[in-house]
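Enquirer: This is the structure I want to talk about, given as structure tokens.
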Amino acid sequence: MTTVEQRKTGGATGTAKTFDSLNPATDEVVGTHPVHSADDVDNAVVRARAAAVWWADLDFSGRADVLARWKGVITRRAGQLAEVVHAETGKPHSDAMLEIVLAIDHLAWAAKNARKVLGPQRRAAGLLMSNQAATVEYQPFGVVGVIGPWNYPVYTPMGSIAYALAAGNAVVFKPSEYTPGVGKWLADTFAEVVPEHPVFQLITGFGETGAALCRAGVGKIAFTGSPGTGKKIMAACADTLTPVVIEGGGKDVLLVDSDADVEAAADAAVWGGMANAGQTCTGTERVYVHEKVYDEFVATVVDKAKALRPGFDGEASYGPATMPKQLAIIKRHIDDALRRGGRALLGGKDAVGERYVQPTVLVDVPEDSVAVREETFGPTLVIAKVRDMDEAIAKSNDSTYALASAVFAKKRGMELARRIRSGMTSVNSVISFAAIPSLPFGGSGDSGFGRIHGPEGLREFGRAKAIARQRFRPPMLLTTFSRTAKTDARVAKLITLLHGKRS
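This is the structure:
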């Protein structure tokens with residue numbers, strides 16, 4: 001039994017509902033977890049509010065020390081966490097370790113840089129208010145709710161959890177119902193470091209539990225998932241005007257110019273599109289290739305993709321579809337592409353099995369097909385020939401998504417990267433931005449809004465607080481009913497001198 005509906009039929013302990021986490025490759029029960037009710041969520045948020053006061057009072061250095069200890073625990077026991085990820089998602093151990101390593105790096109960066117980014121900063125007061133000392137700082141929201149995905153159950157939510165904690169917030173984390181064991185592992189290890197205060201709490205369950213978190217009065221919600229669920233999150237948060245940061249997926253593109261290193265571009269396309277069984281929001285799904293190198297590129301991609309093998313064993317290239325209902329979506333996209341005149345150079349109509357999807361390379365697919373317009377989230381690549389990069393840019397930007405992209409070019413890489421409408425772009429590599437903690441992560445359109453990671457990610461979890469402090473009595477007092485006409489005339493003359501020049 002692997003569907004969400006079937007998982008809801010899990011057992012019960014007393015009157016508490018539970019559900020099972022299943023291995024997607026074997027259907028074995030990995031763990032049993034509670035279905036937290038709205039009351040459970042409200043109680044967790046109440047506890048988090050009290051803990052947030054203590055956590056914020058630690059100041060940046062105190063929180064950095066705690067996060068460093070947690071980082072140490074995660075690092076020393078990364079193999080154990082990787083086993084949980086492997087069991088719940090089906091991805092290879094090596095891929096699980098890679099996302100854990102990246103999450104550790106982000107945790108370290110957030111803890112180290114929080115003070116510099118969020119602490120008090122001086123701002124220019126301007127001539128009219130030259131008697132004022134102007135500063136801005138970022139104060140924590142109090143409690144941040146994080147709703148995480150199943151495809152990267154450590155790396156992705158930690159991009160919000162680590163930054164929210166470093167900013168001084170307590171966190172209530174609702175992991176995907178497919179990976180609750182990963183969430184429990186993270187919460188339990190943090191509790192080992194901070195046993196006396198519930199700064200980081202876990203709630204588990206299905207959509208109703210996530211909706212309850214949105215209505216629980218937290219300071220902010222960070223969500224990663226589909227655009228459809230993101231809209232539901234926003235609607236649930238609207239009643240309380242709870243701000244949100246949303247990452248809603250992508251239909252990410254890779255451009256290959258005529259002077260590109262074709263071998264490197266093909267290798268990147270295959271890995272970017274098929275690693276983690278294609279279940280990567282920033283993974284490559286569309287490829288636009290200059291006509292001069294198209295044939296060579298396609299042949300190289302097919303050769304490399306032929307060498308891949310899905311499975312659950314240690315030698316497998318990638319694992320099963322973690323969410324079983326995604327298989328039907330992948331099959332629909334492939335079938336539609338073939339029905340509309342597309343050709344499968346690898347994989348195709350029989351690529352989708354009961355658990356695994358074979359590597360699939362599609363060409364001659366119409367631009368209005370679902371395989372081009374909608375997020376597939378499977379190990380498929382749709383490759384199209386273009387006459388030049390202007391055509392490639394036009395087709396790239398003709399999408400409701402705008403998350404990530406990649407460019408392979410020797411001369412025009414940076415120029416093309418700037419022209420693609422996406423939040424992130426890699427030049428002569430794929431998804432490299434995700435491994436750089438100082439860079440913001442996020443998109444626009446159906447890909448959501450707001451940013452995690454980097455200084456922008458830290459600021460996402462703090463309220464900007466402006467403070468103006470009078471240093472001495474002003475020569476012209478403006479904020480008083482006793483202000484004179486003479487003062488007004490002086491101000492007008494000063495502003496005219498400063499800003500009234502003709503251009």
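Sequential numbering from 1 applies to the sequence shown in full-length UniProt numbering. Ideal Cβ placement from N, Cα and C applies to all residues, glycine included. If you're wondering where the values come from, they're calculated on a predicted model, not measured in any experiment.
So for Arg451, helix, strand or coil by DSSP?
Expert: Taking the first residue of the sequence shown as 1, we reach residue 451 at position 451. DSSP places Arg451 in coil when its eight states are reduced to three.
Enquirer: Let me know the secondary structure DSSP gives Ile100 once reduced to three states.
Expert: Looking up residue 100 in the sequence shown gives position 100. It is helical.
Enquirer: Is it true that the segment 476-491 meets the segment 278-286, where meeting means three or more beta-carbon pairs spaced less than 8 Å apart?
Expert: With a cut-off of 8 Å, the segment 278-286 and the segment 476-491 do not count as touching, because too few Cβ pairs lie within range.
Enquirer: Out of curiosity, what's the CA-to-CA distance linking Val41 and Ala275?
Expert: Taking the first residue of the sequence shown as 1, we reach residue 41 at position 41. Taking the first residue of the sequence shown as 1, we reach residue 275 at position 275. Approximately 35 Å between the Cα atoms of the pair.
Enquirer: Using 10 angstroms around the beta-carbon of Ile495, count the other beta-carbons present and answer buried if the total reaches 16, otherwise exposed.
Expert: Taking the sequence shown and counting its residues from 1, one reaches residue 495 at position 495. It is exposed - the Cβ of Ile495 has fewer than 16 other Cβ atoms within 10 Å.
Enquirer: Can you round the beta-carbon distance between Leu165 and Ala435 to whole angstroms, since I take them to be within the 8 Å contact cut?
Expert: Residue numbering aside, residue 165 sits at position 165 when the sequence shown is read from its first letter. Residue numbering aside, residue 435 sits at position 435 when the sequence shown is read from its first letter. Between Ala435 and Leu165 the Cβ distance is about 21 Å, and since that is not below 8 Å, they are no contact.
Enquirer: Once the 5 residues before and after Tyr294 are set aside, which same chain residues still bring their CB inside 6 Å of it?
Expert: Counting from 1 along the sequence shown, the entry for residue 294 is found at position 294. Result list for Tyr294: Lys385, in chain order.
Enquirer: If you drop the 5 nearest sequence neighbours on each side, which residues of the same chain put their C-beta closer than 7 Å to that of Asp259?
Expert: Position 259 of the sequence shown, counted from the start, is the residue given in the question as residue 259. Correct list, in chain order: Ala409, Lys410 and Lys411.
Enquirer: Report the rounded CA-to-CA distance for residue 507 versus Val352, giving the unit in angstroms.
Expert: Because the chain here runs from 1 to 503, residue 507 falls outside it and cannot be looked at.
Enquirer: Just mark Asp95 as buried or exposed, buried being the case when its beta carbon has 16 or more other beta carbons within 10 Å.
Expert: Your numbering for residue 95 matches position 95 in the sequence shown. With 16 or more other Cβ atoms within 10 Å, it is buried.
Enquirer: In angstroms with no decimal places, state the Cα-to-Cα distance between Asp239 and Ala38.
Expert: As a first step, residue 239 is located in the sequence shown; it is residue number 239 there, counting from the start. As a first step, residue 38 is located in the sequence shown; it is residue number 38 there, counting from the start. Spanning the two alpha carbons is a distance of roughly 16 Å.
Enquirer: Return the CA-CA distance between Phe450 and Val245, expressed in angstroms with no decimal places.
Expert: The count along the sequence shown starts at 1 and reaches residue 450 at position 450. The count along the sequence shown starts at 1 and reaches residue 245 at position 245. In the sequence on display, residue 450 carries Gly and not Phe. Approximately 5 Å, taken between the alpha carbons.
Enquirer: If we count the other Cβ atoms within 10 Å of its Cβ and call it buried at 16 or more, is Met414 buried or exposed?
Expert: In the sequence shown, counting from the first residue as 1, residue 414 sits at position 414. Exposed is the call here.
Enquirer: Under DSSP, the beta strand (DSSP E) around Thr424 begins and ends at which residues?
Expert: Counting from 1 along the sequence shown, the entry for residue 424 is found at position 424. According to the sequence displayed, residue 424 carries Met and not Thr. Element bounds for Met424: Met424 to Val427.
Enquirer: Please return the same chain residues whose Cβ sits closer than 8 Å to the Cβ of Ala371, not counting the five positions on each side in sequence.
Expert: Here residue 371 refers to the residue found at position 371 when the sequence shown is read from its first residue. Hits under 8 Å: His333, Ile334, Asp336, Ala337, Gly342, Leu362, Val365, Thr380 and Val382.
Enquirer: Start and end of the alpha helix (DSSP H) containing Ile74?
Expert: Locating residue 74 in the sequence shown gives position 74, where the first residue counts as 1. Start and end: Asp59 to Arg76.
Enquirer: Please work out which residues of its chain come closer than 8 Å, Cβ to Cβ, to Arg63, disregarding the five sequence neighbours upstream and downstream, and give them in chain order.
Expert: Stepping through the sequence shown from its first residue, residue 63 is reached at position 63. Cβ neighbours of Arg63 beyond the five flanking positions: Trp55, Ala111, Ala114, Leu165, Ala166 and Gly168.
Enquirer: What's the gap between the Cα of Gly210 and the Cα of Asp446?
Expert: On the sequence shown, residue 210 is found 210 positions in, with the first residue counted as 1. On the sequence shown, residue 446 is found 446 positions in, with the first residue counted as 1. Roughly 20 Å separates the two Cα atoms.
Enquirer: Is DSSP giving Gly445 helix, strand or coil here?
Expert: For the purposes of this step, residue 445 is taken as the residue at position 445 of the sequence shown. DSSP places Gly445 in strand when its eight states are reduced to three.
Enquirer: Where does Arg123 fall in DSSP's three states?
Expert: As a first step, residue 123 must be located in the sequence shown, where it is residue number 123. Looking at Arg123 - three-state DSSP - the assignment turns out to be strand.
Enquirer: Note the first and the last residue of the continuous beta strand (DSSP E) segment covering residue 549.
Expert: With the chain covering 1 to 503 only, the question about residue 549 has no answer from this structure.
Enquirer: Going along the chain, which residues of its own chain have a beta-carbon closer than 6 Å to the beta-carbon of Ala402, five neighbours each way excluded?
Expert: As a position in the sequence shown, residue 402 is number 402, starting the count at 1. Answer for Ala402: Arg421, Ser422, Gly443, Ser444, Gly445 and Ser447, listed in chain order.
Enquirer: Excluding the 5 residues flanking Gly10 on each side, which residues of the same chain have their C-beta closer than 6 Å to its C-beta?
Expert: Along the sequence shown, read from residue 1 onward, the residue named residue 10 stands at position 10. Caution applies to Gly10, whose pLDDT of 38 falls short of 50 and renders its modelled position unreliable; the value that the coordinates give is listed next. If we look at Gly10 and ignore the five residues flanking it on each side, its Cβ neighbours are Thr18, Phe19 and Asp20.
Enquirer: Quick one: measure Cβ to Cβ for Pro227 and Thr204, integer angstroms, because I've assumed they're closer than 8 Å.
Expert: Here residue 227 corresponds to residue number 227 of the sequence shown, with the count starting at 1. Here residue 204 corresponds to residue number 204 of the sequence shown, with the count starting at 1. About 24 Å separates the two Cβ atoms, so there is no contact after all.
Enquirer: Just the C-alpha distance for Val146 and Phe190, rounded to the nearest angstrom, thanks.
Expert: Counting from 1 along the sequence shown, the entry for residue 146 is found at position 146. Counting from 1 along the sequence shown, the entry for residue 190 is found at position 190. Roughly 15 Å between the two C-alpha positions.
Enquirer: Please report the distance separating the alpha-carbon of Asp368 from that of Ala392.
Expert: The count along the sequence shown starts at 1 and reaches residue 368 at position 368. The count along the sequence shown starts at 1 and reaches residue 392 at position 392. The alpha-carbon atoms of Asp368 and Ala392 are separated by roughly 15 Å.
Enquirer: Confirm, please, whether the CB-CB distance from Arg471 to Ala133 is below 7 Å.
Expert: Locating residue 133 in the sequence shown gives position 133, counting from the first residue. Locating residue 471 in the sequence shown gives position 471, counting from the first residue. In contact: Ala133 and Arg471 (Cβ atoms closer than 7 Å).
Enquirer: Helix, strand or coil: how does DSSP classify Thr229 here?
Expert: Counting from 1 along the sequence shown, the entry for residue 229 is found at position 229. Note: Thr229 maps to helix in three-state DSSP.
Enquirer: Just the C-alpha distance for Asn428 and Ala264, rounded to the nearest angstrom, thanks.
Expert: Along the sequence shown, read from residue 1 onward, the residue named residue 428 stands at position 428. Along the sequence shown, read from residue 1 onward, the residue named residue 264 stands at position 264. C-alpha separation (whole angstroms): 8 Å.
Enquirer: Between which two residues does the beta strand (DSSP E) containing Ile221 stretch?
Expert: As a first step, residue 221 is located in the sequence shown; it is residue number 221 there, counting from the start. That run of the beta strand (DSSP E) goes Lys220 to Thr224.
Enquirer: At which residue ranges does the segment 248-283 contain complete beta strand (DSSP E) runs of 3 or more residues, listed in the order of the chain?
Expert: Runs found: 252-256.
Enquirer: Any chance the CB of Arg69 is under 6 Å from a heavy atom of the ligand ATP?
Expert: Among the components modelled here there is no ligand, and therefore nothing to report on the ligand ATP.
Enquirer: Can you grab the Cα-Cα spacing for the pair Met323 / Ala305, in whole Å?
Expert: Position 323 of the sequence shown, counting from 1, holds the residue named residue 323. Position 305 of the sequence shown, counting from 1, holds the residue named residue 305. Looking at the two C-alpha atoms, the distance is approximately 23 Å.
Enquirer: Is Lys349 helix, strand or coil by DSSP?
Expert: Locating residue 349 in the sequence shown gives position 349, where the first residue counts as 1. Reduced to three states, the DSSP call for Lys349 is coil.
Enquirer: Please report the distance separating the alpha-carbon of Gly159 from that of Gly500.
Expert: On the sequence shown, position 159 is the one that residue 159 refers to. On the sequence shown, position 500 is the one that residue 500 refers to. Approximately 47 Å, taken between the alpha carbons.
Enquirer: What residue range does the alpha helix (DSSP H) around residue 543 cover?
Expert: In the structure displayed, the chain extends from 1 to 503; residue 543 sits before or after that span and is not available.
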